[in-house]
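Chemist: First residue of the sequence shown: 472, per the working numbering; consecutive thereafter.
Yeah, the Cβ is synthetic: ideal placement off N, Cα and C, and Gly gets one too.
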Amino acid sequence: MKKVKAKVIKTKPDFLLGLNEYGIENSKVSIYTNRQWINSTKTEYGYGYLGFGICGSVCTAICLSYLNNNIDNQIIVNEPYEFIDGNFAKWLIHLLKPHIEPPLPGAFGKDIIRGIKWFYNSKYSNISKGKLLPYKTNDINKYKKSIRDGYPVLMYLNKIDKTISPYGLHWVVGYKYIEYMDKTFFQVIDTWGYLAYIDGKLIKYGVCFKY
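1. Confirm, please, whether the CB-CB distance from residue 484 to residue 668 is below 8 Å.
2. Buried or exposed for residue 601, please, with buried defined as at least 16 other CB atoms from any protein chain shown within 10 angstroms of its CB.
3. Between the alpha carbons of residue 660 and residue 607, how many angstroms are there, rounded?
4. Between 557, 534, 492, which has its C-alpha nearest residue 651's C-alpha?
5. Would residue 581 be called buried (16 or more neighbouring beta carbons within 10 Å of its own) or exposed?
6. My output table needs one value for residue 554: the three-state DSSP class, helix, strand or coil.
7. Comparing alpha-carbon positions, which option in 499, 558, 619, 570 lies nearest residue 531?
8. Provide the residue span of the alpha helix (DSSP H) that contains residue 535, from first to last.
9. On the DSSP bridge list, what partners appear for residue 670?
10. I need the boundaries of the beta strand (DSSP E) containing residue 642, first residue and last residue.
11. Taking the alpha-carbon positions, what's the residue 575 to residue 588 distance?
12. Contact defined as beta carbons within less than 8 Å: I believe residue 494 pairs with residue 648. What is the distance between those atoms, to the nearest angstrom?
13. May I ask which residues mark the beginning and end of the alpha helix (DSSP H) holding residue 586?
14. Would you identify the three-state DSSP class for residue 503, choosing helix, strand or coil?
15. Tell me the DSSP secondary structure of residue 614 in three-state form.
16. Thinking C-beta only, is residue 614 closer than 8 Å to residue 677?
17. Using DSSP with H/G/I as helix, E/B as strand and the rest coil, what is residue 629?
18. Determine the contact status of residue 584 and residue 628, defining contact as a CB-CB distance below 8 Å.
19. Hey, residue 617 and residue 680 are a contact pair by Cβ (cut 8 Å); roughly how many whole angstroms apart?
20. Exposed or buried, what is residue 490 when buried is set at 16 or more other beta-carbons lying within 10 Å of its beta-carbon?
21. Once DSSP output is grouped into helix, strand and coil, what is the label at residue 569?
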C-alpha cells in the first residue's frame, strides 16, 4: 500500500478555530510569502542565488528583516535596496549565505548563530553590542514567550518521514501559536510561500533572540 505524503497545512484546521492566538499579526509577515523570500530552485533564475537547500539563510534573512522593521531599525543599515524592492531579499540572503552554509547548502543551529553574529559585526549593522543575541534552545516555553512578546523564532524541523511532515529537514520562522488541549501548534513562515501551521512536535530545536 502506497504511503500518503503529508501536505502543507495552509489554512487553520477546524479544531483550532475559535481558539486564542498569541504572537505576531499576519499582516506584519505576509510579505515574506512573496517569491523573493521563497526557498526554491525557481528563485535561482529570477533573483540570482541558489534557492534550493538554503532555508537556513532565507529564514535568518527574514528574521533580521522583521526585527529591523519592527524592533530596532539599526539592525540593518547601509543596505543598497529599500525593503519593498525585491532585490533587498536577494541582497540580504546572498550576503548571509556564505557565513551560514559553506561549502554546501544545509545549516544547523550553530551555523545560524554564527551568521547572525557575523552580520551584527559587519558594516551593514549598527545594532548595540550585546543586543538581540541569538541562542539555541529546545524549550517550547521559550519559543512561546518570544513569539508572545513579538520576536520570531527560527525553528529546525527534522521529521524526515514525509508521511508525518511535508518539510523533512527544514528551517521555518515561527511567529504565532495556538494551544489545543495538551498540544501547541505554531503558525510559521515556511519559505515555500505559505503562512502554514505545524505541530510543535515537529520542532527539534529553535534559535531565539535575547531581549
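Modeler: Well, looking at it:
1. The criterion of a C-beta distance shorter than 8 Å is satisfied by residue 668 and residue 484.
2. exposed
3. 19 Å
4. That would be 492, whose Cα lies nearest to the Cα of residue 651.
5. exposed
6. coil
7. 570
8. 526-541
9. 656
10. Counting along the chain, residue 642 sits inside the beta strand (DSSP E) bounded by residues 639-651.
11. 20 Å
12. 6 Å
13. 580-591
14. helix
15. Secondary structure of residue 614 (DSSP, three-state): helix.
16. yes
17. strand
18. No; because the gap between Cβ atoms is not below 8 Å, this pair is not in contact.
19. 7 Å
20. The residue in question, residue 490, is exposed, as its Cβ has fewer than 16 Cβ neighbours within 10 Å.
21. helix
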